[in-house]
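Read through the structure below, which is laid out as structure tokens, and then see the notes.
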Amino acid sequence: MAVKTNKASPKKTNTIKLKFDTSWSYAPAPESKSAATINKQYDLFINGEWVKPAGGKYFDTINPANEEQLSEVAEANVADVDKSVKAARTAYEKVWKKMPAKERAKYVFRISRMIQEKARELAIIESLDGGKPIRESRDFDVPTAANHFFYYAGWADKLEYAFPNRVAEPLGVAGQIIPWNFPLLMAAWKIAPAIATGNTVVLKPAETTPLTALKLAEIIQESDLPPGVVNIITGAGATGAAIVNHPDVNKIAFTGSTDVGKIIQRAIAGTNKKATLELGGKAANIIFEDAPLDQAVEGVINGIYFNQGHVCCAGSRLYVQESVAKQVIRKLRDRIESLIVGDPLDKNTDIGAINSKQQLETIHKYIKIGKQEGAELYESSCKLPGKGFFCRPTLFTNVAQSNRIAQDEIFGPVLAILTFRTDDEVIEKANNTPYGLSAGVWTDKGSKIFNMTKRMRAGVIWANTFNKFDPSSPFGGYKESGFGREGGLHGLSAYVNTV
Ligand code: NAI
Ligand code: MG
């Protein structure tokens, strides 16, 4: 076969000069909006039907990447919450708890298959409504949501193996309130184990990202799930509070801010309601000098800039061993310069839009605080789109343990870098936080990994990786990060009484 020579290539030179040029760019590769159908208006999904809100009120959900309205959704008031809890109760007593478990499993399985069939549309809507890059919603959020339904479909008729020598009984009606950072995935985390174990559900998505949960309601309707087993209602904090305070709800599952988590705990104190709360985090990602540094840097980047840092388990505090700190910081600075910030629907985008104006303001507030506290700021020089809510990937060096940027959950693409010398020192520093959701350790030594994971107070600890999820692994926190576990076998026990 003839070998073609490239005429433009330099002739007979011994050295090829490679110039590192940061101005190169990819051609735009946008996913098509036309592959997704979004209604102009959405009502409430109660008892298998779409019903108008009792108060007649609707509110907008916008695309945070261009601030344009996508749709308007119903605002559920106390009467609507009551209606959905009644529907869930009736479905529980009359149909769902009596149904043989293997029949229940078929519905859960069917929902997962339908999520797969509509994966592309769900991914597009997730990115439009919430601002996350399409690569993430397509490759992570939607497939993982489907996997959760598959996983719990498998458990539905095997509860006697999950809880040997015991009988697992459902709790009844579960009120589920979810945040805006993983809208479809959080809905799956909550609904799948609940219905697989025989409970019925009233779920409320966050007010800025209701659309994929409403698409899931369409899927559930198409799946022929008996009416009332899953009810999906929209609204803001007041709607959530009405679910929490409803006397006929048996369990509250909440993911969101620590402040609201505390309100919920107070509200259900003295009642028979069970609860699982998954709240904030300030994860320590720890790099030891013997770690494979390039992989560690990639893991740190994924840990903090994934989903714009809107991740409760984001590795927002980086502890680097002093001997390699300079090297690691240089690599991180180079790497954030190459991250692509922009249109969430573009397949090349690494960092999409911040979920809301309010959240962007919170992030800016913390960047200002970091500077005032004397930390050194480095941010990517990338150009931000003119419209929408965007934030450059940012890192701070010279951070002190007591600085607020090292203590508070920022929930944005902002990394605080600290250094350490010994294992004991870093363990003490890593644990010195009100949170305890997750952590990461990067080292070549297995013994060090075990030492660290034993002594760190965090629900999930990743070793030589970060932000990896699987339906079979439990997830949840210590201290102010909440209590209870979701995922895996542990996630089943949150929805049953064992007798
Ligand atoms: P949030 O906690 O107010 O919202 C989460 C969900 O709770 C939403 O569905 C909301 O409508 C609902 N909610 C609000 N007030 C409620 C109440 N009194 N009773 C029942 N439900 C209620 O979180 P927000 O304000 O959107 O974000 C603020 C901060 O919280 C973020 O900056 C971040 O630090 C943290 N956060 C943590 C999350 C996590 O995954 N752990 C998720 C979202 C936010
Ligand atoms: Mg929105």
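Following this note's numbering, the numbering of the sequence shown begins with 971 at its first residue and continues without gaps.
C-beta: ideal position from N, C-alpha, C; glycine also.
Next item on the list: Confirm, please, whether the CB-CB distance from Asp1320 to Glu1001 is below 9 Å.
Entry: Taking the sequence shown and counting its residues from 1, one reaches residue 1001 at position 31. Taking the sequence shown and counting its residues from 1, one reaches residue 1320 at position 350. No, the pair does not count as a contact, with Cβ atoms beyond the cut-off.
Notebook entry, point to check: Any chance the stretch 1343 to 1361 sits against the stretch 1296 to 1308, with 3 or more Cβ pairs inside 8 Å?
Noted result: yes
Item checked: Cβ contact check for the stretch 1133 to 1146 and the stretch 1086 to 1094: 3 or more pairs under 8 Å -> no
Notebook entry, point to check: Roughly how many angstroms separate the alpha carbons of Glu1188 and Val1048, rounded to a whole number?
Noted result: As a first step, residue 1188 is located in the sequence shown; it is residue number 218 there, counting from the start. As a first step, residue 1048 is located in the sequence shown; it is residue number 78 there, counting from the start. In a straight line, the C-alpha of Glu1188 is about 23 Å away from that of Val1048.
Notebook entry, point to check: Given a threshold of 16 other Cβ atoms within 10 Å of its Cβ, counted over all protein chains shown, does Gly1205 qualify as buried or as exposed?
Noted result: If you number the sequence shown from 1, residue 1205 lands on position 235. Buried: at least 16 other Cβ atoms inside 10 Å.
Margin query: At the level of alpha carbons, what is the spacing between Gly1257 and Asn1437?
Written below: Walking along the sequence shown from the start, residue 1257 turns up at place 287. Walking along the sequence shown from the start, residue 1437 turns up at place 467. First, the amino acid is wrong: residue 1257 is Ile here, not Gly. Between Ile1257 and Asn1437, the C-alpha separation is close to 16 Å.
Margin query: Rounding to the nearest angstrom, what Cα-Cα distance links Pro1023 and Thr1389 in this structure?
Written below: Residue numbering aside, residue 1023 sits at position 53 when the sequence shown is read from its first letter. Residue numbering aside, residue 1389 sits at position 419 when the sequence shown is read from its first letter. About 54 Å.
Item checked: At least 3 beta-carbon pairs within less than 8 Å: the stretch 1260 to 1267 vs the stretch 1410 to 1422 -> yes
Notebook entry, point to check: Using a threshold of 8 Å, is the CB atom of Asp1111 nearer than that to any non-hydrogen atom of the ligand MG?
Noted result: Translated into the one-based positions of the sequence shown, residue 1111 becomes position 141. Flag unset: Cβ of Asp1111 not near the ligand MG.
Notebook entry, point to check: Less than 9 Å separating the beta-carbons of Glu1331 and Cys1282?
Noted result: Taking the first residue of the sequence shown as 1, we reach residue 1331 at position 361. Taking the first residue of the sequence shown as 1, we reach residue 1282 at position 312. No, the pair does not count as a contact, with Cβ atoms beyond the cut-off.
Check: When the Cα of Leu1302 is compared with those of Asn1434, Asn1272 and Pro1103, which residue comes out closest?
Finding: Position 332 of the sequence shown, counted from the start, is the residue given in the question as residue 1302. The candidate whose alpha carbon is nearest that of Leu1302 is Asn1272.
Checklist line | Pro1217 classed as buried or exposed, judged by whether at least 16 other C-beta atoms fall within 10 angstroms | finding: Residue numbering aside, residue 1217 sits at position 247 when the sequence shown is read from its first letter. Exposed, by the Cβ-count rule.
Notebook entry, point to check: Going by C-alpha distance, which of Gly1142, Gly1279 and Ile1339 is nearest Cys1361?
Noted result: Position 391 of the sequence shown, counted from the start, is the residue given in the question as residue 1361. The option with the nearest alpha carbon to Cys1361 is Gly1279.
Check: Can you tell me whether Arg1236 is buried or exposed, with buried defined as 16 or more other CB within 10 angstroms of its CB?
Finding: The count along the sequence shown starts at 1 and reaches residue 1236 at position 266. Exposed: under 16 other Cβ atoms inside 10 Å.
Check: Over what stretch of residues does the beta strand (DSSP E) that includes Gln1039 continue unbroken?
Finding: Along the sequence shown, read from residue 1 onward, the residue named residue 1039 stands at position 69. Its beta strand (DSSP E) spans residues Glu1038 to Ala1044.
Check: By Cβ distance below 6 Å, which residues in the same chain neighbour Thr1403 in space, the five residues on each side in sequence not counted?
Finding: Residue 1403 sits at position 433 when you count from the first residue of the sequence shown. Taken in chain order, the residues that qualify are Lys1252.
Item checked: Boundaries (first-last residue) of the alpha helix (DSSP H) holding Val1137 -> Numbered from its first residue, the sequence shown carries residue 1137 at position 167. Counting along the chain, Val1137 falls outside any alpha helix (DSSP H), and DSSP gives it neither H nor E.
Check: Is it buried or exposed for Ser1054, if we count other Cβ within 10 angstroms and need 16 for buried?
Finding: Numbered from its first residue, the sequence shown carries residue 1054 at position 84. Label assigned to Ser1054: buried.
Note to self: Does the stretch 1123 to 1140 come into contact with the stretch 1455 to 1465, if we say contact requires no fewer than three beta-carbon pairs (one atom in each stretch) closer than 8 Å?
What the structure shows: yes
Notebook entry, point to check: Exposed or buried, Ser995, counting other C-beta atoms within 10 Å across all chains shown (16 or more means buried)?
Noted result: As a working note, residue 995 is residue 25 in the sequence shown. The residue in question, Ser995, is exposed, as its Cβ has fewer than 16 Cβ neighbours within 10 Å.
Check: Among Lys1072, Gly1447 and Arg1108, which residue has its Cα nearest to the Cα of Lys1088?
Finding: As a working mapping, residue 1088 is identified with position 118 in the sequence shown. Out of Lys1072, Gly1447 and Arg1108, Arg1108 has the C-alpha closest to the C-alpha of Lys1088.
Note to self: Looking at Gly942: is its Cβ nearer than 9 Å to the Cβ of Pro1441?
What the structure shows: Look at the range of the chain in this structure, 971 to 1469, and you will see that residue 942 is not part of it.
Check: Whole-angstrom Cβ separation of Asn1033 and Thr1178, contact assumed at under 8 Å?
Finding: Stepping through the sequence shown from its first residue, residue 1033 is reached at position 63. Stepping through the sequence shown from its first residue, residue 1178 is reached at position 208. Contact doesn't hold; Cβ gap of about 10 Å is too wide.
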